[in-house]
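First up is the structure itself, then whatever we jot down about it.
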Amino acid sequence: MVNFCAIIGCSNRGDRDKKSFFRLPAVLTREGAATLELSQSRRAKWLSQIARDIKESNLPYVRVCSDHFTSGKPSALYDNTNPDWAPTVKLGHSNIDGATATRDLERYQRRCYRQGQKSKLDAAEALLQLHSVPKTPKRQQSTSEEACQTDLDSNSMNSTQTELQRLLEENRKLKEQLAESNNNFDRQFFQDNDENVKHFTGLSSFAILDVLFTYLETFVVCSCLNKLTKFQQLVLCLIKLRLNPTYVDLGQRFNVHKSTASKTFLNIINIMYIRLKPLIFWPDREQLWETMPMSFRTHFGKQITVIIDCFEIFLERPSNLAARTSTWSSYKHNNTVKYLIGITPQGVISYLSQGWGGRASDKYVVEHSSFLHKLCPGDVVMADRGFDVSDSVGMMGAKLVLPAFRRDGPRLSGEQVENTRRVANSRIHVERVIGHLRQKYTILHSTIPMDFVISRDDNVTLLDKITVVSCSLTNMCPSVVPFD
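Numbering (UniProt numbering), first residue to last: 1 to 484.
As structure tokens, this is what we get:
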């Protein structure tokens, strides 16, 4: 595309004149309030200097050539006293006086000259102070000792080095013993509580928290590395999930270092992931039929098994180009991680996939996750019209229900319109659950750092664990779908 200069009366164009063309300054929204205000002021100044009535949709295509800057290019954002902070030369209108622009340039040059002279003066004063420091006399060396820069002799240094090596070896052995004891404890604990995990779905919310507190209490006693009590550790983790404060903020609130707050969150989220993961389970068909809400019974009988949808979580921009491409979402216009979620007609989260790059389509996520293996012959899946997976669902003996839509075809009949209204009124519950999940746990509504999506030793990312824990805790809350 050929670039044209937007200044009135300027005929420079990119395919003919050897000029540099510059875009309108962007408004920086992620670098603090001061930067946001300064970038907005600069963008407004540019538009004022251009003095044209430009539509909002055409602003990305506005260019200003180098002829309208005294140095041939714009200055930096924070150099707001520079005349080139905005175009000031040959503007083609009388709003800006040429004498004023010249006076501003001379004033800026004088300021730069004074700053340079002040820097030279400060350097000269520092050099004079350095030369005026009196020299300390050298300590007389004993003929019986080797020359060194400390008050220690060679025998003392050798004994100190020997003691250091002994302490390092002792520290290494203690770390190995502690790691071995922790591994044995974790293995024994999960073996003893394997039956509890199998029957976890029958426990109440208070019983689940009681089991979790019991494990935390034993974990704290065995580790002996954390200053926080078991209750404080759990509260710290829940605060991070609920409000997503920084680790510095958590450290100030619990009177610990930020690294301790980070390690505590990682440890507790691993425990909660293991203990709460069984709360996300695929129910039996008889259980679904017995507790089917009346709104579903009226329109669909007892056929609906699961309602599916995808939600995306914003991710920091990866530095790796391949990762940046695989996580770019054309729908959100950002780097994201996508999850497939399924709820029962009762509003309980019954399925959650692993995280996928935002580039993956809804159809790809459904076909390459474990969702299809959960289906049984005769199940009915409800989804939005973007899930074109009727063939894949049909191969499992199930049926896909979508809202009716037209593609360059005849108008929808009255029956199709009514059926679409019923499907939309029922399918909206999965979006309500997703909104409830994001609203309750703000960490899923924030931009996630890159280290949260790095696979750990168990091949599960930290973001996957956080999402599973958040969905499990949501299942412990009252449902958004009324029964009657």
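Beta carbons are placed, not taken as given, at the ideal position from N, Cα and C, and that holds for glycine.
Outcome for residue i when other beta-carbon atoms lying within 10 angstroms are tallied against a minimum of 16
i           : result
Gly357      : buried
Glu195      : In this prediction, Glu195 scores a pLDDT of 47, lower than 50, which makes its location untrustworthy; the coordinate-derived value is nonetheless stated afterwards. Exposed, because fewer than 16 other Cβ atoms sit within 10 Å of the Cβ of Glu195.
Gln141      : The pLDDT assigned to Gln141 is 46, lower than 50, so where the model puts this residue is not dependable; a value taken from the coordinates is nonetheless given after this. With fewer than 16 other Cβ atoms within 10 Å, it is exposed.
Cys224      : Confidence at Cys224 is low in this model, with a pLDDT of 37, below 50, so the placement of that residue is unreliable and no value is reported for it.
Gly72       : exposed
Trp85       : buried
Leu463      : buried
Leu241      : buried
Val221      : Model confidence at Val221 stands at a pLDDT of 38, short of 50, so the residue's coordinates are unreliable; what they give is reported in the following sentence. That one is exposed.
Lys198      : Since pLDDT at Lys198 reaches only 44, below the 50 mark, its modelled position is unreliable, and the value read off the structure follows with that caveat. Looking at its Cβ environment, which holds fewer than 16 other Cβ atoms inside 10 Å, Lys198 is exposed.
Gln346      : buried
Leu266      : exposed
Leu167      : exposed
Asn171      : exposed
Phe200      : Low confidence applies to Phe200: its pLDDT is 44, below 50, so where it sits in the model is not reliable enough to give any reading.
residue 485 : This structure cannot settle anything about residue 485, because the visible part of the chain is limited to 1 through 484.
Ser472      : buried
Ala26       : exposed
Ala360      : buried
Thr229      : exposed
Gly251      : buried
Ile8        : exposed
Asn255      : exposed
Beta-carbon proximity check, residue i vs residue j, cutoff 8 angstroms
i      : j      : result
Arg461 : Ser455 : First, the residue type needs correcting, since residue 461 is Thr and not Arg in the sequence shown. Going by C-beta atoms, Thr461 is nearer than 8 angstroms to Ser455.
Ser446 : Asn244 : yes
Met294 : Lys302 : no
Cys5   : Arg42  : no
Ile434 : Ile466 : no
Pro90  : Asp67  : Rather than Pro, the amino acid found at residue 90 in this sequence is Lys. Yes, they are a contact pair.
Pro60  : Thr70  : no
Ser20  : Leu77  : no
Val366 : Val401 : no
Val468 : Arg432 : no
Paired residues, beta bridge with residue i - DSSP
i      : result
Phe311 : Tyr339
Lys399 : Val380
Ile448 : Leu315
Trp328 : Asn335
Trp356 : Lys338
Val64  : Phe22
Thr291 : According to DSSP, Thr291 bridges with nothing at all.
Ser455 : Thr461
Ile349 : Ile343
Val306 : Val381
Arg13  : Phe4
Any non-hydrogen atom of the ligand COA within 7 angstroms of residue i CB
i      : result
Tyr247 : By its list of ligands, the structure shown contains no ligand whatsoever, and the ligand COA lies outside what it can speak to.
Beta-carbon separation (whole angstroms), residue i vs residue j, contact threshold 8 angstroms
i      : j      : result
Cys237 : Ile268 : 4 angstroms
Val306 : Gly342 : 4 angstroms
Gln49  : Pro87  : 5 angstroms
Stretch-stretch touch, CB-based, cutoff 8 angstroms, three pairs: the stretch 255-267 with the stretch 324-333: Counting Cβ pairs under 8 angstroms, fewer than three are found: no touch.
At least 3 beta-carbon pairs within less than 8 angstroms: the stretch 274-281 vs the stretch 342-361: yes
Inter-stretch contact at 8 angstroms, needing at least 3 Cβ pairs: the stretch 299-319 / the stretch 330-345: yes
Given 8 angstroms, three or more beta-carbon pairs between the stretch 370-386 and the stretch 395-403: yes
Meets three-Cβ-pair contact criterion under 8 angstroms: the stretch 420-427 and the stretch 378-388: yes
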